[in-house]
Amino acid sequence: MLRSPSGVIGLIILLLAISIAVFGPMLFPNSPWRMVQRPFLPPFTLSAVPLGTDALGRDVFAGMIFGARVSLLVGLVSTFVALVLGVPIGAMAGYFGGKVDDALMRFTEFFQTIPSFALAIVLVAILQPSIYSIVASIAVVSWPPVARLVRGEVLSLRTREYVQAAVVTGQSNTWIILREILPNALSPVIVLASLMVATAILLESSLSFLGLGDPNLISWGYMVGAGRTVIRQAWWITVFPGVAILISVLGLNLIGEGLNDALNPRLSREGR
Amino acid sequence: MPKRVLLGLLLACGLTASALAQEPKTGGVINAVIQPEPPGLMLAMIQNGPTQMVSGNIFEGLLRYGPKLEPQPELAESWSVSEDAKTYTFRLRKGVTWHDGKPFTSADVLFSVEMLKQTHARARNNLGQVDKVEAPDDTTVVFTLKQPFGPFLGIFEVGSMPMVPKHLYEGTDWKTNPYNNAPVGTGPFMFKEWQKGSFIRLVRNPNYYEKGKPHLDEIYWQIIPDAAARSVAFETGKVDVLPGGSVENFDVPRLSKLKDTCVTGAGWEFFSPLAWLWLNNRQGPLADKRVRQAILYAIDRDFAKDVIWNGLGKVATGPSASTIRFYTDDVPKYPYDPAKAKALLKEAGYKGEKIRLLPLAYGETWQRWGEAVKQNLQDVGMNIETIATDVAGGNQKIGDWDYDIAFTYLYQYGDPALGVGRNYVSSAIAKGQVFNNVEGYSNPEIDKLFADGAVATPDAKRKEIYEKAQKILVEDVPVAWMLELQFPTITHCKVKNLITTAIGVNDGFKDAWLDK
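Line by line, the protein sequences are chains A and B. Under this note's numbering, think of the first position of the first sequence as 1, with each following residue one higher. Under this note's numbering, think of the first position of the second sequence as 273, with each following residue one higher.
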């Protein structure tokens, strides 16, 4: 991982974003919703509000820092929930095969046939926008690829000798899946997960952009959405949070690439 | 050389003459924005803002109202009031026909009154003092009241009491009548087609009773769901009229500066929209008068006016807008004073109980306003949670009294008996409805004042009663009054004479013309 330069850059970006999310709010005790200066103050004019103010005179910089917390939290938690849903479903489908496989895969395909963003909008709108409904709906739309990936891996590992040997020695199915198969299927899942975090951040931003964010929490997508209508008068309200989304998604993608290089033995051998 | 001078002189004369005279020109098609798309156009049954705006040019009332709310003839050409102020006689215009060619008579008026009593909540209220309505002949209608009712001549506006064709509605199921989708009125424009999600097209009524009117051939009401796209449509010339509220406030100054653009705040006098926060008086900390007063002290209403509404409008002083009859500003004042708000909260024993805030889902401006109010209240130590909702969901929560604080704005219809009392008298507490006494305020003294004020004569007596009511209400803060809203109408300057009445665009196309 550390040998791949893009992975290192991605890791640095992610660590930076996490430390901003964790420690930033301590440096800025004021709520990002507080109206601190005159509205539409351009950036770099006052050191107190380095990135300017928005349509209500709120500090754009404070919004960016508090927004990092929401965006990363939503990205990580919803990815975790999606893995918790997707991995067991995929593993069971791949391991047991037959009718179980058919049933689980038809169920998965049912979700895959619905455009994921449309489904996320519907879910959030029905459940009322809040941080919980947003995490839940992002998880619901992002687990099917995990299930399908895990199923594929398990299907191929299922026929290996050491798995057969475990079956012959009378190990329980759960034990075999958890101890023999999954650890070997994990590396592609980790790569996928890092990309899913990026997608989840984008999904959360898109939902907030459309006004379906948690109204009590500031997020980058909300800032872009709220500033969109005044973009011709005040570019900075949308551009800074937009760049923040871009950089963090880019960072996560670089990490995914780096992990892929590191975890895929065939690739790394060819590389040298 | 002399020839050329002469030509120049002629040209100059011609130009000045046409510039000065401003004779209305006939013909032309106008594009106006309608936002949001109306749920229907049958004005007798649907009274949403956009419905009133489109259908006010299809239907007509007995009277029209000038900018000072003075009654003017429309379908009634004259009217008289008896000595005891209990009998109102209207002479109808002769030779008026419905869009389908049938004549309009006093029978239509009688039918409309009966129908509206069942389909139009506000008309039912307005007609509450009417004992009987009679039609001695085809062109005379006589309203006899149970007792004198001061605002009676103010209830005949087209949106409040539209005339409905008896021959198309009598004996039918009103809700499923096919003419609901293709309304037939007496107005200057006739309904032509409605492409859902795209436009509503009205065409000139060639048989309109005022000769030479209307001047325009067609009106296209364009439906453009996105606020930024509406601004762009105006800038590119796709639409000529942006009625009040159809673009975001921060776009108003920018659009006003464009060339060939005319802006006016007139045309809302009849409605006088007043924005306030419903405060649920029934439960929790808000049941305490001191907490409600603290809320008014805590909110920076000048900030809302200057920043969120771009300086449009006026900070409200109480339950009546300043354009409403019998308004007084001699009431307790609530300037922005967070320290006082904190003191009042402490005195009331507020301990950080959670308070739910419902913003109004009418677009950016209202969303920002909700955020600013939330911050104001948090600054004085209130624990506010914003509940995200859409328009229908918000209405439902408010109607079910399932809220603590909720944004709204309501029309006031010129007279406290028509548009103010309904929000404060205890007889107007009815679960499930959105525009009545939703806050659950109940005060026998206020009930009596509003009951007396509606029927008192002369006006000086009414003034005294309503001023007293305003003082009591402002002291009790049943709701937190925010701003008298102003919705500027933005047009290209070639659109002339559009806003001439107290309801502006709603019935303005009758007189409007296009300078090509």
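The C-beta atom is built at its ideal place from N, Cα and C for all residues, glycine as well.
Using a Cβ-based criterion (distance less than 8 Å to any ligand heavy atom), does residue i qualify as near the ligand MG?
i	result
G300/B	Absent from the structure shown: the ligand MG. Ligands present: none.
Starting from the beta carbon of residue i, find every residue of chain A whose beta carbon is closer than 8 Å, and list them in chain order.
i	result
E711/B	Correct list: empty, because the minimum Cβ distance to chain A is about 22 Å.
F522/B	A55, T229, V230 and Q233
E636/B	A226 and T229
Cβ of residue i within 9 Å of Cβ of residue j?
i	j	result
I136/A	L123/A	Residue identity check: residue 136/A is Ala in the sequence provided, not Ile. Result yes, Cβ atoms of A136/A and L123/A sit closer than 9 Å.
W641/B	F679/B	yes
R564/B	V305/B	no
L252/A	I201/A	yes
L315/B	P437/B	no
T763/B	L757/B	no
I627/B	G556/B	yes
A55/A	A244/A	no
F376/B	V385/B	no
G10/A	L250/A	yes
N329/B	G459/B	yes
R476/B	W493/B	no
List, in chain order, every chain A residue whose beta-carbon is nearer than 9 Å to that of residue i.
i	result
T680/B	What T680/B touches in chain A: nothing, since even the nearest Cβ is about 18 Å away.
R526/B	R232 and Q233
To the nearest angstrom, report how far apart residue i and residue j are at their CA atoms.
i	j	result
T266/B	T773/B	Residue 266/B lies beyond the range of chain B shown here (273 to 788); nothing can be said about it.
A93/A	Y132/A	29 Å
P423/B	E490/B	35 Å
W370/B	V326/B	17 Å
W33/A	L217/A	9 Å
L246/A	M754/B	40 Å
Q419/B	G725/B	12 Å
A82/A	G170/A	32 Å
L51/A	W236/A	7 Å
A291/B	T536/B	Per-residue confidence for A291/B stands at a pLDDT of 44, beneath the threshold of 50, marking its modelled position as unreliable; the derived number appears in the next sentence. Their backbone Cα atoms lie some 21 Å apart in a straight line.
Q647/B	S19/A	27 Å
R396/B	G671/B	20 Å
R272/A	M105/A	Because the pLDDT of R272/A is 42, which lies under 50, any placement of that residue in the model is unreliable, and the number read from its coordinates should be weighed accordingly. Using only the alpha carbons, I get a separation of about 39 Å.
P339/B	G213/A	43 Å
Q742/B	F383/B	37 Å
Q112/A	P215/A	29 Å
M435/B	G300/B	28 Å
D601/B	G590/B	8 Å
P607/B	V140/A	49 Å
A289/B	K529/B	Confidence in A289/B is poor, its pLDDT being 41 and thus under 50, which makes the residue's placement too unreliable to answer from.
F273/A	T238/A	Only positions 1 to 272 of chain A appear in this structure, which leaves residue 273/A out of reach.
L399/B	L440/B	23 Å
Y717/B	I737/B	Just to set this straight, residue 717/B is Glu in the shown sequence, not Tyr. E717/B and I737/B: Cα-Cα distance of roughly 11 Å.
A165/A	L85/A	29 Å
G691/B	Y683/B	7 Å
P545/B	A593/B	8 Å
V511/B	R502/B	8 Å
V663/B	W220/A	25 Å
P183/A	D523/B	58 Å
Report the neighbours of residue i on chain B: residues whose CB is nearer than 9 Å to its CB, in chain order.
i	result
S128/A	For the record, residue 128/A in the displayed sequence is Gln; it is not Ser. Chain B residues near Q128/A: I659, A660, T661 and G665.
W33/A	E643, A644, K646, Q647 and Q650
Since residue i meets chain A, which of its residues come closer than 7 Å, beta carbon to beta carbon?
i	result
Q668/B	By Cβ distance, chain A contributes nothing, its closest Cβ being about 12 Å from Q668/B, past 7 Å.
R628/B	Within chain A, no residue comes near R628/B; the closest Cβ sits about 11 Å away, beyond 7 Å.
R640/B	A55 and L56
A499/B	T229
Which partner residues does residue i have in the DSSP bridge list?
i	result
D59/A	T53/A
Q467/B	F471/B
D409/B	T412/B
Y681/B	A547/B
N655/B	K626/B
I302/B	I491/B
H764/B	T533/B
F461/B	R476/B
Whose Cβ in chain B lies nearer than 8 Å to the Cβ of residue i?
i	result
N216/A	E657 and T658
P39/A	V579
* What are the complete alpha helix (DSSP H) segments, minimum 4 residues, inside the segment 471-544 of chain B? -> Segments of the alpha helix (DSSP H) lying fully in the segment 471-544 of chain B: 499-507 and 523-528.
* beta strand (DSSP E) runs contained entirely in the segment 331-393 of chain B, provided each spans 3 or more residues -> For the segment 331-393 of chain B, whole beta strand (DSSP E) runs of length 3 or above, ordered along the chain, are 335-337, 343-345, 348-353 and 359-364.
* To do: Output the residue ranges of the beta strand (DSSP E) runs that lie fully inside the segment 694-752 of chain B and measure 3 residues or longer, sorted by chain position.
  => Correct list: empty.
* To do: Could you pull out every unbroken alpha helix (DSSP H) segment of at least 4 residues lying fully inside the segment 5-91 of chain A, listed in chain order?
  => As far as the segment 5-91 of chain A is concerned, its whole alpha helix (DSSP H) runs of at least 4 residues are 5-27.
* For the segment 763-780 of chain B, enumerate the residues whose C-beta is nearer than 9 Å to any C-beta of chain E, in chain order. => This model lacks chain E altogether; the protein chains it does include are A and B.
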